[in-house]
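Read through the structure below, which is laid out as structure tokens, and then see the notes.
2 protein chains.
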Amino acid sequence: MESVFDQYFYPDSICIVGASSKPKSLGYELTKSVKQYGYTGDLALVNPKADEILGFKCYPTISSIDYRIDLAIVMVPKQFVEETIKELIAKKTQAIILITAGFKETGEAGAEAEKRILQIIRDSNARLVGPNCMGIINALPSVKMNATFVAEEPKTGSMAFCSQSGAIGAAVLNSLRETDIRFGQFISVGNKADVNENDLLEYWQDCKDVSVITYYLESFVDGEKFIKYFIDDRITKPVIVLKGGRTSSGIKAASSHTGALGSSDKVVDAILTQFGIIRADDLNDMFNTAKGFEDFPTPKGNRVAVVTNAGGPAILTVDTLEKNNLALAELSPETKVKLKEIVHPEGSVNNPVDLLPGGIAEQFKAVNEILVQDENVDAVISVFVEPIMVKALPVIEGINDIKSEKPIFQVVMPLPEFWQEYRAESKTKRSLFRRPEDPAVVINNLLKFQNKKSNTGRIKSDESVNDFKLNEKPGKFLNPNEVAELCNHYKLPIVKDEIHSIQELNKREIHFPVVLKAVGEKIIHKTDLKGVVLNIKTKSDLIKTAEKMIWDFSSKNIQLDKFLIQPYLKTKFELLVGAFRDPSFGPMIMFGSGGKYVEYLDDTVMRSAYLTENDIDEMINSTKVGKIIQGVRGEESIDIKVVKSAIKNLAQMIVNHKEITEVDLNPLLVTSENKIFAVDVFPPGPKI
Amino acid sequence: MESVFDQYFYPDSICIVGASSKPKSLGYELTKSVKQYGYTGDLALVNPKADEILGFKCYPTISSIDYRIDLAIVMVPKQFVEETIKELIAKKTQAIILITAGFKETGEAGAEAEKRILQIIRDSNARLVGPNCMGIINALPSVKMNATFVAEEPKTGSMAFCSQSGAIGAAVLNSLRETDIRFGQFISVGNKADVNENDLLEYWQDCKDVSVITYYLESFVDGEKFIKYFIDDRITKPVIVLKGGRTSSGIKAASSHTGALGSSDKVVDAILTQFGIIRADDLNDMFNTAKGFEDFPTPKGNRVAVVTNAGGPAILTVDTLEKNNLALAELSPETKVKLKEIVHPEGSVNNPVDLLPGGIAEQFKAVNEILVQDENVDAVISVFVEPIMVKALPVIEGINDIKSEKPIFQVVMPLPEFWQEYRAESKTKRSLFRRPEDPAVVINNLLKFQNKKSNTGRIKSDESVNDFKLNEKPGKFLNPNEVAELCNHYKLPIVKDEIHSIQELNKREIHFPVVLKAVGEKIIHKTDLKGVVLNIKTKSDLIKTAEKMIWDFSSKNIQLDKFLIQPYLKTKFELLVGAFRDPSFGPMIMFGSGGKYVEYLDDTVMRSAYLTENDIDEMINSTKVGKIIQGVRGEESIDIKVVKSAIKNLAQMIVNHKEITEVDLNPLLVTSENKIFAVDVFPPGPKI
């Protein structure tokens, strides 16, 4: 079945509603871009005050256009937008782009207007891109559509780019002649009232002209839906995301810019890592990585050979390998023998191979050919600083000519003339990199995509859970008995405890040593309130401590209802296993160093609770405490299966129970006998 | 007194020994650069086979030049280098640059030749730059000397750049027309046989034409001397360092490139932080920061206002503030009132201020003027993405015209034509930034320099120490008694312990519980060898444990001499205070999380042992454990004075005793009663 997005990206006909005859106005400039780039379909302009603009016929109304319109671009003033949308729907146009701004991003009145428009769209079979966006591009020669304000002429590639910010789109288009970024398709989605990143993910995955999907996003409209595509293994193309709004100030700025509530960056980072989605730190990294996927084979491993005519830049390249999970390849003895015949005796045949400034095109080509043949090499980075005596172009083109299944990434630091020359004369026009630090980032990203995630043991929502009902207490915490019941149901290793009044404590037979904890509806952060005392050894001590606690709490006006006593266990490690619900991505799970200093130790890792077995292993291994408990310095590993089960079972709990917003096992205590117990279960949070 | 470096950078006359008439040879191209840039002094070429080259007279020998030569540039083949240097010395030339390569960087024979040359220099009053370097530049209009291979014509600035790598120098020069980097002075120091970063630091500090000092370095020749300039408060200009060879692979590559042994990157990072030297992560950051110092006033604080016509790029800017220790300024109500009169009602008068794509030059100028007047704002970042309807140049120049003591950093994302236009037409030619992420790095670096380090309580080498003599045991560890004596002398809070044979243990009266440790010359990592048993409660347990230890060690063929017993203390925190000697920077000190998992916790900080009181506070506060022990979650701080004394006294010890290479107090134990004891002193290491 044809997707409506085919009408967006491959329209046979476009109309621009609000085309203008006034140069420098958006309505004029967008029309000019369409004309200048040479759109291959039919273009109808709607403007009641003109007969033609830039040689295209103007129609007074939408209905007066005498042929079918696939794609409508609407730039009328905002008071005419609703009417225009209705007319387009009447015209049976399904693909609508609303450029006009002044909606949700401007406050409440705008948000209301946006809602009304969305309702009109939802009641039809049309879709809406925008409002507050800057257009669409398909650079394919058979389409040649640049319907944006920026009249640049993008070169054709197979990269698709969706930008939530029009300005980021404009900045990228402004820079095309310098950055050599090539497009397959580009779309600016603005406020994402209707069409959002999820629609485009689905479309571009199926679109044969797209090989790499890139996003600039400031929010995820429906993160749980976004990750569902990956959970269901429907996405086979590389996806790269640059996320604006990472820090608390940035998130605040993004949310006032887009009107959307943001997830914390730790959540976004966890999600992208978990599902093999590549995160770019800036535009440079994003488009370099996209070029990496478009122009180069993916390496089979992480061993990199570096060849250069210039010590310093090669060292800067080598410095970037480690932090990008790459290794400097150990060249084979045969390779070194072969290299010795080419490399100047004062150069180096070790990695990085140094041809010295005198290294010429033939030497560069021969050395690169030898390096890609070495079994110990997965990828080559060739770094060339243009010296006066060797012209850059023959060096670069010689290396571009090498046929190999291994990628060769070229860094070039030439005189400025080179770039024009390369664009004009290169046969391959393969992407080059400008900074010695660039390729390592790209290789790391290619490998991240290569290392496909397995689905083994993926946690799914369990319908049978309906047998087990939580009490309905919206906005409340569960009481300790409910917590215990829930933990037992999910086989969480909680320590056996009892709850008593002070009178009962007096009567009971108790096995010392014990821990005493205050219980009360308002007593959440027990440690901060001094509501926990460890290692009480006698009955008289226990009663004295309990009495003091009652006194202390009453002096703070906090009601202390009862006491909880647990056996006192000798701690070797304190872990944390926690779960919470993110507003966009849904159920999340945490693991790491626990105890009362958890925020200060900052040694926790997060994932979506839709975990696989592999995810659980990765979580444990990516924390410091996770490495330590598995045995370092000659120690034995603790029983790691118990930790894994705790993570898995808690994940299952939060996936099953949409009414739980937060629950922490902290500490999950490892005793000196390597036994594992959850000592304190932070009560499951408010229901929705 | 005139410095010899005045003859390097301000020579009245130059001779090029090895000038060539063959285009594309180094000897020709360097001569061409000198001519083309318009050197204002006299130029003599030495070449016995030519009468003139590029219009300059050639002399057959150095001695035949009939006037004094201030600066000699030597590019003869390496077999003629020694003779040439001798002739120059005979000619009384003091400033010599040896371009020729093939010395230490190529192996042992080269290193020998370099040593011979260095001896010739040392026996004269001449200095030598190089070998294996690429020349020198002084861009001052009164000098106009470009004596490098790269015939670019640098614009004049007040930044001085010293590059250990010729290729990095060449790459920077190649890029000048695109990056708009301006020079005061540039020098490529190559192998640094004689002249090195220390000489240039001293010279540039005093040179009136230099305001910012930048380095690309792969090693510090004499780090202790380098930091001495800072300890002695002799450096008042900003110093920026880009260090190649950060990772283990990079350090290896750098050391094979330069033949120098590298300090670990943790050491380099600690030193640069401690002495307010700015570390750049790449060339872009280094030169952006240099431009920051040259072109902008330093902000008084870290509160940044952002103004933009483009939401997305502003968000990317805001995202970079936090990690660069900057805050988004809270604009005053008066500012917002004033902004409301200028900003479009659908834009934003909150920070980031959004003028929307229609924002024109007058609005940008007015908003920036208002922002710099706000008391809550220390610096402004103005981000402009060029839309079709507003030309960039008037916007940028309008803002450049603002007179203020607060800096305004402009990010511009224009069509490529803009840059040429700006270079040609801008009156101020103030530096602009290309990426929204750039200015935050620069502001952070300006502030790092601004926050001058105080010298209060600086540790100095103490001569009176000679009263206290360590046993002379080169390459050996001290025995426990010697360690105890040393620790007592330096008032380190060591736990009282006793050393006994197993027979003596049997006889002694002992206060239990105790810790038992194996003692022997080869027993260093006690825990790994299971040579430590904690919390022994009875005499019979003690003897049993000791007997088992003797048995276990003898089965491993390790001689166990005696046993050490200490009171068993109840641990609340385990700290580490350690000291070691770096091959370049000398005595270093460490603080952080201790205990046996110290490497896995990775929570330690280093500094040069020439500490100030402020340094000690910073060390404690920059570790997680340092924050925790000062009281979090309602806990009391431990007695932090004891920790500070331990750091200070151990620093004094390693500063005084050059014969100590390494000593660790690990763990420095904080008991549950908040008492602090050094339980295990890792024996001071081999003497030199």
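Those sequence lines, one after another, are chains A and B.
Going by this note's numbering, the first residue of the first sequence is number 2, and it counts up by one from there.
Going by this note's numbering, the first residue of the second sequence is number 2, and it counts up by one from there.
Quick reminder that beta carbons are idealized off the backbone N, C-alpha and C, glycines included.
In this structure, valine 384 of chain A and threonine 318 of chain A form a Cβ contact; the two beta carbons are roughly 6 Å apart against a cut-off of 8 Å.
Phenylalanine 150 of chain A has a beta carbon lying within less than 8 Å of a beta carbon in chain B. For arginine 424 of chain B, there is no enclosing beta strand (DSSP E); the enclosing alpha helix (DSSP H) covers residues 418-426.
Neighbours of lysine 628 of chain B in chain A, taken as residues at a C-beta separation under 8 Å, are given in chain order as Tyr601. Excluding its 5 nearest sequence neighbours in each direction, asparagine 456 of chain A has C-beta neighbours in its own chain below 8 Å: Ile232, Asp234, Thr613, listed in chain order. Per DSSP, the continuous beta strand (DSSP E) segment holding leucine 535 of chain B begins and ends at 533-537. Residue burial is scored here from C-beta neighbours: valine 77 of chain A has at least 16 other C-beta atoms within 10 angstroms and is therefore classed as buried. By a beta-carbon distance limit of 8 Å, leucine 322 of chain B does not contact leucine 332 of chain B. Their separation comes to about 15 Å. Restricting attention to A/Phe294, A/Pro395, A/Gly19, the CA atom closest to the CA of serine 427 of chain A is found in A/Pro395.
Around the Cβ of serine 432 of chain A, a 10 Å sphere holds 16 or more other Cβ atoms; the residue is buried.
Methionine 591 of chain B and proline 668 of chain B have their C-alpha atoms roughly 13 Å apart. Only exposed fits histidine 512 of chain B, as fewer than 16 other CB atoms lie within 10 angstroms of its CB. Following the DSSP letters along the chain, one finds methionine 550 of chain B inside the alpha helix (DSSP H) bounded by residues 540-556. Residues of the segment 171-200 of chain B that bring their beta carbon within less than 8 Å of a beta carbon in chain A comprise Ala171, Ala172, Asn175, Ser176, Arg178, Glu179, in sequence order.
Methionine 654 of chain A: member of the alpha helix (DSSP H) spanning 641-657, first to last residue. Annotation for isoleucine 630 of chain B: the continuous alpha helix (DSSP H) segment containing it runs 625-630. Between alanine 610 of chain B and valine 643 of chain B, the C-beta gap is not smaller than 8 Å, which leaves the two residues out of contact.
Judged by beta-carbon spacing, leucine 129 of chain A lies within the 8 Å limit of alanine 194 of chain A, meaning their Cβ atoms are closer than that value.
Here valine 211 of chain B has Ser159, Met160, Ala161, Gly185, Gln186, Trp205, Lys238 as same chain residues with Cβ atoms under 8 Å from its own Cβ, once five neighbours each way along the sequence are excluded.
Of all residues in the segment 537-567 of chain B, none is placed with a Cβ closer than 8 Å to any Cβ belonging to chain A.
At a cut-off of 8 Å, the C-beta of tyrosine 598 of chain A has a neighbouring C-beta in chain B. Beta-bridge analysis with DSSP links serine 212 of chain B to no other residue.
For glutamine 186 of chain A, there is no enclosing alpha helix (DSSP H); the residue is part of the beta strand (DSSP E) that begins and ends at 183-189. Residues of the segment 381-414 of chain A whose Cβ lies closer than 7 Å to any Cβ of chain B, in chain order: Val386, Glu387, Pro388, Ile389, Met390, Met414. Around valine 222 of chain A, the same chain offers Lys193, Asn197 as residues with beta carbons nearer than 6 Å, after the five sequence neighbours per side are excluded. For tyrosine 217 of chain B, the nearest beta carbon of chain A is closer than 8 Å to its own beta carbon.
Within the segment 284-327 of chain A, the runs of beta strand (DSSP E) that reach at least 3 residues and sit entirely inside it are, in chain order, 304-309.
Residues of the same chain with a CB within less than 7 Å of the CB of leucine 416 of chain B, apart from the 5 flanking positions on each side, are Glu387 in chain order.
Shown here, glutamine 411 of chain A sits in a strand according to DSSP, grouped into three states. Per DSSP, arginine 69 of chain A lies in no alpha helix (DSSP H) and is assigned neither H nor E. Three or more Cβ pairs drawn from the segment 402-415 of chain A and the segment 295-312 of chain A lie within less than 8 Å of each other, which places the two stretches in contact.
Note: serine 164 of chain B is bridge-paired with B/Ser189, B/Tyr217 in the DSSP secondary-structure output.
By the beta-carbon neighbour count (other beta carbons within 10 angstroms, threshold 16), asparagine 285 of chain A is buried. Collapsing the DSSP output to three states places isoleucine 90 of chain A in a helix. In the same chain as isoleucine 566 of chain A, and ignoring 5 residues on each side of it, the C-beta atoms closer than 6 Å to its own belong to Glu499, Val515, Leu517, in chain order. Residue pairing by DSSP places cysteine 16 of chain B opposite B/Ala45, B/Ala73 in a beta bridge.
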